[in-house]
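Here's the structure, in structure tokens; my notes come after.
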Amino acid sequence: MDINKLRRGELIAGVSAVLLFIVMFFNWFGISQEDAVDVSQDNLQDLVKFAPTDVNADRLDLSAWQAFGFIDIILLVTIVVAVGLAVMTAASRSTNLPVAGSALTAGLGILATILILFRIIVTPYDLSRDIFVFVGLILAAAIAYGGWESMQAEGTSFGEQGDR
Numbered sequence: 724m725d726i727n728k729l730r731r732g733e734l735i736a737g738v739s740a741v742l743l744f745i746v747m748f749f750n751w752f753g754i755s756q757e758d759a760v761d762v763s764q765d766n767l768q769d770l771v772k773f774a775p776t777d778v779n780a781d782r783l784d785l786s787a788w789q790a791f792g793f794i795d796i797i798l799l800v801t802i803v804v805a806v807g808l809a810v811m812t813a814a815s816r817s818t819n820l821p822v823a824g825s826a827l828t829a830g831l832g833i834l835a836t837i838l839i840l841f842r843i844i845v846t847p848y849d850l851s852r853d854i855f856v857f858v859g860l861i862l863a864a865a866i867a868y869g870g871w872e873s874m875q876a877e878g879t880s881f882g883e884q885g886d887r
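Sequence positions in the sequence shown follow my numbering and run 724 to 887.
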């Protein structure tokens, strides 16, 4: 495996994917005890399962893994594909996929960015946004950009991938 074989796009996508995986364990959303009064009864019942065991805790924070129901799975698939693209390129392996790995990375990166942006606008359980949700958005966009730049270096486009 030769890291020097990585193009700029694969490096951006791979590093961003690893960082996104790490950031997903940090607090993306939260709510204080004062604000919990305003949460609807249905959402409050869902939040109880994440409640800390410390009764004196004045704030409930949720990571991406806790706050998302299905989006975290899409983010994980995006991370695996982006890291896989970098590893396969560094190992000089080619995949016999009907779609280029760079196109998959770019497409999933775009999807991940849209899903995180949706959750920033429509927060789960009426929670407030913490700084790491915005860091996650930037990293997902960086994965999409890295995949797109890798596509440009390969000379491929989404239109060509659809015709494959």
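We treat Cβ as the ideally placed atom computed from N, Cα and C, and that holds for glycine.
Beta-carbon contacts of residue i that lie in its chain and below 6 Å, excluding the five residues immediately before and after
i	result
ILE839	GLY859, LEU860 and ALA863
Neighbourhood of residue i by C-beta, 8 Å cutoff - its chain only, sequence neighbours within 5 removed
i	result
VAL741	ILE802 and VAL806
SER880	MET874
TRP788	MET747, PHE748 and ASP795
Range covered by the beta strand (DSSP E) that runs through residue i
i	result
ASP784	782-786
Residue i, enclosing alpha helix (DSSP H) - first and last residue
i	result
SER739	731-746
GLY859	854-877
MET811	794-813
THR828	824-844
Distance between residue j and residue i (C-alpha atoms, nearest Å)
i	j	result
LEU743	ALA835	11 Å
ARG852	GLY753	7 Å
ALA876	LEU850	41 Å
MET747	ARG731	24 Å
VAL845	ILE837	12 Å
ASP777	SER755	Low confidence applies to ASP777: its pLDDT is 48, below 50, so where it sits in the model is not reliable, and the reading given next is rough at best. Distance between the alpha carbons of ASP777 and SER755 is about 14 Å.
ALA736	TYR868	7 Å
TRP871	ASP781	43 Å
ASP795	ARG842	11 Å
PHE857	ASN727	31 Å
PRO847	LEU799	19 Å
VAL804	LEU783	32 Å
THR828	LEU785	27 Å
ASN779	GLY792	At ASN779, the pLDDT of 46 sits below 50, so the modelled position is not reliable; the number obtained from the coordinates is stated separately. The alpha-carbon atoms of ASN779 and GLY792 are separated by roughly 27 Å.
MET724	ALA790	37 Å
ILE797	GLY830	12 Å
GLY878	ARG816	18 Å
DSSP bridge partner residues for residue i (one or two, in chain order)
i	result
ILE754	LEU783
SER851	GLY753
Proximity of residue i and residue j at Cβ, strictly below 8 Å
i	j	result
ILE681	GLY832	In the structure as shown, the chain begins at 724 and stops at 887. Residue 681 is therefore absent and cannot be evaluated.
LEU729	ALA814	no
GLU733	ALA826	no
Chain-order list of residues whose beta-carbon lies under 7 Å from that of residue i (same chain, five-residue window excluded)
i	result
PHE855	VAL746, PHE749, ASN750 and TRP751
The ligand FMN heavy atom lying under 7 Å from the CB of residue i
i	result
GLY732	As far as ligands go, the structure on display features none, and thus does not contain the ligand FMN.
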